[in-house]
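In what follows, a single structure is set out as structure tokens and then discussed.
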Amino acid sequence: MSGNVVNDPVVRIFDTTLRDGEQSPGASMNVEEKLLIARQLEKLGVDVIEAGFAASSDGDFESVERVSKEVKRPRVVSLARAQEGDIKRALKAVEHAKHPGIHIFIATSDIHMKHKLRMSRNEVLDAAVWAVSHAKKHIDYIEFSAEDASRSEWDFLVQIFGEVIRAGAKTLNIPDTTGYAIPTEFGSLVRYLVDKTEGSDRVIWSAHCHNDLGLAVANSLAAVANGARQVECTINGIGERAGNTSLEEVVMVIKTRKDLFSVETNVVTEQIYPTSRVLSQITGIAIPINKPIVGDNAFAHETRIHQDGVLKQKLTYEIMTPESIGIPGNRLVMGKHWGRHAFDERLKELGFSLNKVDMNRAFLRFKELADKKKEIFAEEILRLPEQPDRYELLYLNVNSSSSAIPSAPVKMRVDGQERMDHATGDGIVDACYKVIAKITGSRLHLVRYSVKAITGGADAQGEVSCLIEDGGIKVSGQGAHTDIIMASALAYINALNKLEYRKHYRQMVERQGP
Ligand code: KIV
Ligand code: ZN
Numbered sequence: 190m191s192g193n194v195v196n197d198p199v200v201r202i203f204d205t206t207l208r209d210g211e212q213s214p215g216a217s218m219n220v221e222e223k224l225l226i227a228r229q230l231e232k233l234g235v236d237v238i239e240a241g242f243a244a245s246s247d248g249d250f251e252s253v254e255r256v257s258k259e260v261k262r263p264r265v266v267s268l269a270r271a272q273e274g275d276i277k278r279a280l281k282a283v284e285h286a287k288h289p290g291i292h293i294f295i296a297t298s299d300i301h302m303k304h305k306l307r308m309s310r311n312e313v314l315d316a317a318v319w320a321v322s323h324a325k326k327h328i329d330y331i332e333f334s335a336e337d338a339s340r341s342e343w344d345f346l347v348q349i350f351g352e353v354i355r356a357g358a359k360t361l362n363i364p365d366t367t368g369y370a371i372p373t374e375f376g377s378l379v380r381y382l383v384d385k386t387e388g389s390d391r392v393i394w395s396a397h398c399h400n401d402l403g404l405a406v407a408n409s410l411a412a413v414a415n416g417a418r419q420v421e422c423t424i425n426g427i428g429e430r431a432g433n434t435s436l437e438e439v440v441m442v443i444k445t446r447k448d449l450f451s452v453e454t455n456v457v458t459e460q461i462y463p464t465s466r467v468l469s470q471i472t473g474i475a476i477p478i479n480k481p482i483v484g485d486n487a488f489a490h491e492t493r494i495h496q497d498g499v500l501k502q503k504l505t506y507e508i509m510t511p512e513s514i515g516i517p518g519n520r521l522v523m524g525k526h527w528g529r530h531a532f533d534e535r536l537k538e539l540g541f542s543l544n545k546v547d548m549n550r551a552f553l554r555f556k557e558l559a560d561k562k563k564e565i566f567a568e569e570i571l572r573l574p575e576q577p578d579r580y581e582l583l584y585l586n587v588n589s590s591s592s593a594i595p596s597a598p599v600k601m602r603v604d605g606q607e608r609m610d611h612a613t614g615d616g617i618v619d620a621c622y623k624v625i626a627k628i629t630g631s632r633l634h635l636v637r638y639s640v641k642a643i644t645g646g647a648d649a650q651g652e653v654s655c656l657i658e659d660g661g662i663k664v665s666g667q668g669a670h671t672d673i674i675m676a677s678a679l680a681y682i683n684a685l686n687k688l689e690y691r692k693h694y695r696q697m698v699e700r701q702g703p
């Protein structure tokens, strides 16, 4: 690499949806689903795809390997700890990639080194340098991350980064692993490292921020303003805990405020919306309606004053156009006069590539809807290929007292047929979940269950959220009701319906093949 990369006009987009993003609860994807996302990321124009952590499981290894064989333009990397075994697996997984890379990390904060790694600073330094030098014998492109950099001692970072540059690292990543940093502080850290590290002008500086305080995008932008030329992010900002930097937000800030940042990305922004929707369909993780850029309301003007302004001149209330992120004009998609060909094309634009049978089914349902409504919007079309809910709760009666074993008779509709049963359990919720499992014939593992009050007072609404797992697929369900047991049942049934949809979608993807 020649020249000072810090002044490069291009900010590389490193997408970690398939690695860090997949670590968010409920976001696990199978290999076919990951391939579908990887193809979409290539269309989106990301520079690097982190396809997984090859040493973490056979499934991850296979995903990295398949993505490496499939995508051509972006670099494909695997994560690896600074350990021989991890490096070996990562190198093997990316060996067929057109542009292979390996991403080695080790923690550098005192708190991580002391309590997690139980290693001294010198031991961490040696491990990092050894890992990069060892990998360099087999692969040219190495990224090195100092995990928990934002809570690490700055001069230790200068030292370790300087040494790994000498050992051959090409990209140096500064993670705010815990989402603890504040933009001014994070910007200063990046500037300090860029200025003080030996060999700094030969490498790409990168930011990897988590969103625990809602500052991931702001911190990433502060890094760019101070010399970072790579941002690590995920579609819809999914990721561990509160998530990672949201790709669509960071890219659209850079594009919309080019006057301030004077840099650009290679992202084809018109592919943002389809990518966001496909990921949400595959993972079952809904996009909040008010989410910047991709939420349903992001371009919806509700008040009359705003509508009037936008009709007269879009710039009054729109700082970017919906078309620029791939939302078909004004959210209006199509009406009853649309023919089959146009319909197929529009579904493809929205990120769906269905087989013939599913296209036919979706088109029939579209026609049905078009008979009832004059205009049909993007989000309604996106829901078209979905199945209707398979399960519906009709009736729930809970019997519990301090002396009797809790029991719950439940009536449900399953595939249009009414079914009733009852069960006893360790508590009311347990009894209720057992009977729902009995009626639906499900053998699921309940991974997590939580209750929160969403309004105050005696008539408070309770919201229950649960996470279930079946054959490696994790989905979450939500239910809200004044009766917490009812909310629990609704949450469970919501998750079961989502699971059915995920299985159906998976079959569609598998039928289509690679
Ligand atoms: O958040 C983090 O520190 C990471 C590293 C592995 C880069 O994901
Ligand atoms: Zn991370």
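Going left to right, the sequence shown walks through residues 190 to 703 as the numbering used here numbers them. All C-beta atoms, glycine included, are put in the ideal place defined by N, C-alpha and C.
Spatial distance of residue i from residue j (CA atoms)
i: residue 249; j: residue 660; result: 16 Å
i: residue 291; j: residue 399; result: 21 Å
i: residue 675; j: residue 669; result: 8 Å
i: residue 519; j: residue 512; result: With a pLDDT of only 41 at residue 519, under 50, the local geometry of the prediction cannot be trusted, and the value read off the model is given with reservation. Residue 519 and residue 512: Cα-Cα distance of roughly 8 Å.
i: residue 608; j: residue 664; result: 24 Å
i: residue 262; j: residue 405; result: 27 Å
i: residue 223; j: residue 587; result: 42 Å
i: residue 637; j: residue 655; result: 5 Å
i: residue 190; j: residue 312; result: With a pLDDT of 43 at residue 190, under the threshold of 50, the modelled position of that residue is not reliable, and no figure is offered here.
i: residue 266; j: residue 245; result: 14 Å
i: residue 370; j: residue 445; result: 24 Å
i: residue 666; j: residue 213; result: 15 Å
i: residue 217; j: residue 302; result: 29 Å
i: residue 200; j: residue 683; result: 41 Å
i: residue 363; j: residue 394; result: 8 Å
i: residue 574; j: residue 551; result: Since pLDDT at residue 574 reaches only 48, below the 50 mark, its modelled position is unreliable, and the value read off the structure follows with that caveat. The alpha-carbon atoms of residue 574 and residue 551 are separated by roughly 5 Å.
i: residue 408; j: residue 611; result: 53 Å
i: residue 422; j: residue 509; result: 21 Å
i: residue 578; j: residue 679; result: 12 Å
i: residue 480; j: residue 403; result: 12 Å
i: residue 456; j: residue 535; result: 21 Å
i: residue 521; j: residue 515; result: At residue 521, the pLDDT of 41 sits below 50, so the modelled position is not reliable; the number obtained from the coordinates is stated separately. Taking the straight line from one Cα to the other gives about 12 Å.
i: residue 652; j: residue 207; result: 30 Å
i: residue 287; j: residue 420; result: 22 Å
Buried/exposed call for residue i, threshold 16 Cβ in 10 Å
i: residue 210; result: buried
i: residue 462; result: buried
i: residue 304; result: exposed
i: residue 254; result: buried
i: residue 410; result: buried
i: residue 584; result: exposed
i: residue 435; result: buried
i: residue 553; result: exposed
i: residue 531; result: exposed
i: residue 630; result: exposed
i: residue 289; result: buried
i: residue 359; result: buried
i: residue 352; result: buried
i: residue 296; result: buried
Residue i beta carbon near the ligand KIV (any heavy atom closer than 8 Å)
i: residue 249; result: no
i: residue 268; result: yes
i: residue 297; result: no
i: residue 530; result: no
i: residue 292; result: yes
i: residue 408; result: no
i: residue 400; result: no
i: residue 337; result: yes
i: residue 214; result: no
i: residue 463; result: no
Proximity test, residue i beta-carbon vs the ligand ATP heavy atom, cut-off 8 Å
i: residue 327; result: Within the structure as shown, the ligand ATP is missing, the only ligands being the ligand KIV and the ligand ZN.
Of the residues the options, the one placed nearest residue i, counting alpha carbons only
i: residue 529; options: 548, 369, 275; result: 548
i: residue 225; options: 214, 296, 471; result: 471
i: residue 458; options: 322, 194, 202; result: 202
i: residue 300; options: 285, 279, 341, 320; result: 341
i: residue 347; options: 220, 381, 536; result: 381
i: residue 279; options: 293, 288, 287; result: 293
i: residue 221; options: 468, 677, 628, 502; result: 468
i: residue 387; options: 366, 350, 403, 415; result: 350
i: residue 378; options: 357, 358, 397, 415; result: 415
i: residue 282; options: 473, 478, 241; result: 241
Closer than 8 Å: residue i CB and nearest the ligand ZN heavy atom
i: residue 206; result: no
i: residue 254; result: no
i: residue 332; result: no
Note down, one range per segment and in chain order, each beta strand (DSSP E) of at least 3 residues found wholly within the region 241 to 276.
264 to 270
May I have a chain-ordered list of the beta strand (DSSP E) segments no shorter than 3 residues that lie completely inside the region 321 to 389?
331 to 336, 360 to 365
Taking the runs of the beta strand (DSSP E) that are 3 residues or longer, which of them lie wholly in the region 273 to 320?
289 to 296
To test your reading of the DSSP string, which unbroken beta strand (DSSP E) runs of 3 or more residues are found completely within the region 596 to 652?
596 to 603, 606 to 613, 634 to 642
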